[in-house]
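>
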Amino acid sequence: MSATIQEVRPLGVIGEIRARFPDEALVEQATADGIPTVWVPRARLQAALRLLKHGLPQPYRMLYDLTAVDERLRQHRAGLPPADFTVVYHLISFERNSDIRVKVALHEPDLQLPSIVSLWLNADWYEREVWDLFGIRFDGHPNLQRIMMPRTWQGHPLRKDHYARATEAERLVMDQARVDREQEALRIKPEEWGMKTADEDHDYMILNLGPNHPSVHGVFRVMLQLDGEEIVQAVPDIGYHHRGAEKMGERQSWHSYIPYTDRIDYLGGVMNNLPYLMAIERMAGIEVPARAQTIRVMMSEFFRITSHLLFYGTYAQDVGSMSPVFYMFVDRQKAYDVIEAVTGFRMHPAWFRIGGVAADLPQGWERLVREFLDWMPKRLKDYEKMALRNTILKRRSIGIGQYSTEEAIEWGVTGPGLRATGLAWDYRKARPYSGYENFDFEIPTAVNGDVYDRCVVRVEEIRQSLRIIEQCLNHMPSGDYKARHPLATPPRKDRTMEDIETLIHHFLSVSWGPVIPAGECTMTVEATKGLNSYYLTSDGGTMSYRTRIRTPSYPHLQMIPYISRGMMVPDLIAIIASIDFVMADVDR
Amino acid sequence: MIGDVMMVVGILGAVVGTAAMLIWVERRALGLWQDRWGPNRLWFLGIGQVVADMIKIFTKDDWVPPFADRTVFVLAPAIVMATILLAVAVVPITPHLQIAGDWNVGLLFVLAMTSLAVYSVMLGGWASNSKYAIIGAIRATAQTVSYEVFMGLSLVGVVIQAGSFSLNDIVLAQQDGWFIGPQILGFVIFMIAALAETHRLPLDLPEAEHELTAGFHTEYSGMKFGMFFVGEYVSVILSASLLSVLFFGGWLGPTFGWAWMPLVWFVLKTGVFILFFILLRAAIPRPRYDQFMRFGWLVLLPLSLLNVAITGAWVLMEAGS
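If you're matching them up, the sequences are chains A and B in order.
One point on numbering: in numbering that gives the first Met the number 0, the residue at position 282 of the first sequence is 281, and numbering is uninterrupted.
One point on numbering: in numbering that gives the first Met the number 0, the residue at position 156 of the second sequence is 155, and numbering is uninterrupted.
#1: So, under 8 Å CB-CB, phenylalanine 189/B and leucine 154/B are touching, yes? Tell me the CB distance rounded to an integer number of Å.
#2: If you pair each beta-carbon of the stretch 91-104 of chain A with each one of the stretch 35-43 of chain A, do three or more pairs fall below 8 Å?
#3: Short of 8 Å Cβ to Cβ, which residues in the stretch 286-307 of chain B face chain A?
#4: Give me the residue from His307/A, Gly565/A, Asp538/A, Ala583/A with the minimum Cα distance to methionine 282/A.
#5: Could you compute how far the alpha carbon of leucine 145/A sits from the alpha carbon of arginine 378/A?
#6: Checking the sheet assignment: what are the DSSP bridge partners for proline 113/A?
#7: With a threshold of 9 Å between beta-carbons, can tyrosine 642/A be considered close to chain B, or not?
#8: Residues of chain B with CB under 8 Å from histidine 212/A, in chain order?
#9: Count the other CB atoms, across all protein chains shown, that sit within 10 Å of the CB of alanine 324/B; report buried if there are 16 or more and exposed otherwise.
#10: Specify the secondary structure class of lysine 246/A as computed by DSSP and reduced to three states.
#11: Taking the Cβ atom as the reference point for each residue, do arginine 331/A and leucine 308/A lie within a distance shorter than 9 Å?
#12: Please check the pair leucine 571/A and serine 563/A, which I expect to be a contact at CB under 8 Å, by giving their CB distance rounded to whole angstroms.
#13: Looking at the structure shown, is threonine 17/B part of a helix, part of a strand, or coil, going by DSSP?
#14: Over what stretch of residues does the beta strand (DSSP E) that includes lysine 102/A continue unbroken?
#15: Just to confirm the assignment, what range does the beta strand (DSSP E) spanning glutamate 229/A have?
#16: Leucine 200/B touches chain A at which residues, Cβ-Cβ below 8 Å?
#17: So that I know if they touch, is there some Cβ in chain B lying closer than 9 Å to that of valine 455/A?
#18: Taking only the alpha-carbon atoms, compute the straight-line gap between glutamine 290/B and alanine 315/A and give it to the nearest angstrom.
#19: Quick check: is the beta carbon of proline 64/B nearer than 9 Å to any beta carbon in chain A?
#20: Using a C-beta to C-beta distance shorter than 8 Å, which residues of chain C count as neighbours of tyrosine 326/A?
#21: Would you kindly report the start and end of the unbroken beta strand (DSSP E) that includes serine 84/A?
#22: Between glycine 2/B and tryptophan 23/B, is the Cβ-Cβ spacing less than 9 Å?
#23: Spell out whether any CB of chain A is found under 9 Å from the CB atom of arginine 26/B.
#24: On a CA-only basis, which of Ala195/B, Tyr131/B, Met112/B is nearest phenylalanine 294/B? Give me that one, please.
#25: If we count the other Cβ atoms within 10 Å of its Cβ and call it buried at 16 or more, is asparagine 103/B buried or exposed?
#26: Work out the CA separation of phenylalanine 351/A and alanine 165/A for me, nearest whole Å.
#27: Can you tell me whether isoleucine 499/A is buried or exposed, with buried defined as 16 or more other CB within 10 angstroms of its CB?
#28: Going by alpha carbons, who is nearest to valine 263/B out of Ser243/B, Phe275/B, Glu231/B?
#29: Please report the distance separating the alpha-carbon of isoleucine 252/A from that of alanine 29/A.
#30: Would you mind listing the alpha helix (DSSP H) stretches within the stretch 101-188 of chain B that are 4+ residues and don't spill past its ends, in chain order?
#31: Using CA atoms only, rank isn't needed, just tell me which of Pro210/A, His201/A, Trp152/A, Ala526/A is closest to glutamate 460/A.
#32: Name, going along the chain, the residues of the stretch 559-577 of chain A whose beta-carbon falls closer than 9 Å to a beta-carbon of chain B.
#33: For methionine 194/A, which three-state DSSP category applies?
#34: On the DSSP letters alone, give me the boundaries of the alpha helix (DSSP H) that serine 508/A sits inside.
#35: Under 9 Å, do glycine 268/A and methionine 298/A count as touching if we go by C-beta distance?
#36: Could you check where the beta strand (DSSP E) with isoleucine 205/A kicks off and where it finishes?
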């Protein structure tokens, strides 16, 4: 699994790139996930990306992720171009149904490369994030500001030489001078964001919506330039919920990081564990038994239902309908009762394990699941009457915050927000994982891509999730709930006291944690809010070398200014509700 | 004389007391409709919650923001209580039970007072010197000014039929049949307008928690907030009592020879409307501000004019034949 140069394949996307850049030394890298990965010289980056987006027959139209790796301490990188830092571009082609990873090597102290904001609008925030966390400059970026860390922060946290724990840092003293400095840094400077306070004949109001506001779903700030109640310019400001989840990944064992993933999309519960574990399992070469896969699918779908129910309720609430959210919380409790009986926990069970799940299903689980399946559909019918068919709610949401499929792809929108524009693209169907290919379900879509359609799609997804759960219930395979593999953690206990080899593996895996072979792997799931990926780099140790978490909500929020221009403040609230984000998922 | 004073104090006390109780009633009723309990711990059925809330609201730090216009900021919550309670003064609870006696301009006085109440919201929002508050105040002003028009027009039909602005006369004119029948259109329009005047969900646009955090009273705390809070419930009581007086015959109803029966009828009818207001809050989402204004001017205004024309024509025809 270690990174090696492969022979040039005549076909495939990398062959196509080579054909266009015959003189360049393009290095192809093999990765555990099989995503074509190519190292491009910095000077050729923009041309290569432009080619991928515009010049190929079935182009890579979505900038799915943009991140960086501090390579300076990495041991196992034989065959890769020398680099102090690597910037990684991850693109998706819907026509080909495949991905490509483009990497650029950078050397200290010359840490800069051309910005691609002119190519993809959603590169804006990603480049700001890389600048903020790695200190890599992007030439030509319109406003290269810190995005996660406070503006007053010193250093770039995801660099290997930046401390990871507060105890390693200088003692924090919040004296008055510092308070003043931090407060001043939070003040809105309208010009900096392209906002105007006055025009020739009238003034604008600059309104600071958030970070504490009833409708922003967490600590999220939108700076608004208002003309009356009409939004002239909206500028989202994130980072208030940043906890350094990616940095923590470099300090936790592969096993002990699992609970942290639960708290990324905190409504997604165990569904967050899945891409992380799938990436580890791929690098370690673990085959997950069918029963474990099906249990994972079932629990993931339960969390999709609870997350969508919360969306449904708060969506109705944000357009001023008071009651639905209470009914939906009742349903969520019913779902959580099942989840609790199975996993022993409610919102953040951290229940999946490397190689399977933590325990087998409890006795009598079928009855609980069956009860929930009997309960839910008639409630959904009630909600249809209560919320979706309400004229006022429709007036508030139809035609609001509309975008087309092309715009969605341009901005990196995935999940229900993409399907609401009419594109039937669901990762569970497009690239089935964890046994989704064995299930019979539809991909709900809508036509207009507005606030209302995004709700309709999610409601229908609840029904499809119920279908999937029912199939899990009826066809639950027998067998192991965890793989019989030495790296499955914690290892199965039955052979531990029988032979010394198993005992040693057991001891090492639970004391140091498993050692995952060196390599790189991105694994993606169709999470509650869109595509959620974990891009793991293992350096052959007990801890991840780099944990990149690509979350769906991050690009979705970036689109807010684009779809809320010219709308009114209440429309913005409806748009925010329809995006269905949690700030933990944005800031990580 | 002493009897009069006692009646005044009694009625006003009852109204404010009921308004305070409504906090509990509303929370329990909403709980019932929303599949949850509501406050149910303190005393019988949780009724002690009212007392606890009162203690809390009276003892809270009554903070005036340093950036606010202090005088106006303090005055604004008082205005809402004063004007609404003044309007209550002319409402005939029973023939003998009303504060101001029988005024021949009773209805006009009520409308005048509810119009004045908008100053409280407007001044409160303005004096707060806060952006959310000012947006809320602007919305409140526009909403109240617009809906005042339909509120007044929707009642013209009632006045034509009763031939008087006196609320007592209007009740007595309904002895042969409540006005809800012939004035159904007026009733619906008045109800929507009254809901808009009370600033309650679904028409709580000046507050619109999800958009403006708390709208015009964002900066208020302690008892000043409490005045707005209780003032809202007093105006709910006022609206409900007006609905029963104007369209449902007020105190009229079979008395079974019992002297207190008119009071029971009035309280019963008013209570039903109060509960209906609470039910509306639980059931309907909030329209967008501009949609709501458009609905008022393009739908309610023509309808209320139509109502006036039809009622007038009908009354003239009756008189001619």
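Glycine included, C-beta positions come from ideal geometry on N, C-alpha and C.
Being a predicted model, the structure only gives us computed values, none of them experimental.
In short, the structure shows the following:
#1: 6 Å
#2: yes
#3: Pro286, Arg287, Tyr288, Asp289, Gln290
#4: Asp538/A
#5: The question names leucine, but residue 145/A in the sequence shown is arginine. Those two C-alpha atoms are separated by around 45 Å.
#6: Asp138/A
#7: Here chain A covers residues 0 to 587 and nothing more, so residue 642/A does not appear.
#8: Thr212
#9: The structure shown does not extend to residue 324/B, since chain B spans only 0 to 320, so no value can be given for it.
#10: helix
#11: yes
#12: 5 Å
#13: helix
#14: 97-105
#15: 229-236
#16: Gly319, Met321
#17: no
#18: 18 Å
#19: no
#20: Annotation note: the requested chain C is absent from the structure, which comprises protein chains A and B.
#21: Here the sequence assigns phenylalanine to residue 84/A, which means serine is not the residue at that position. Unbroken beta strand (DSSP E) run through phenylalanine 84/A: 84-92.
#22: no
#23: no
#24: Ala195/B
#25: exposed
#26: 29 Å
#27: exposed
#28: Ser243/B
#29: The identity of residue 252/A in the sequence shown is serine, whereas the question assumes isoleucine. Using only the alpha carbons, I get a separation of about 25 Å.
#30: 105-127, 130-161, 166-171
#31: Ala526/A
#32: Met567, Val568, Pro569, Asp570, Leu571, Ile572, Ala573, Ala576
#33: coil
#34: 499-510
#35: yes
#36: 204-208
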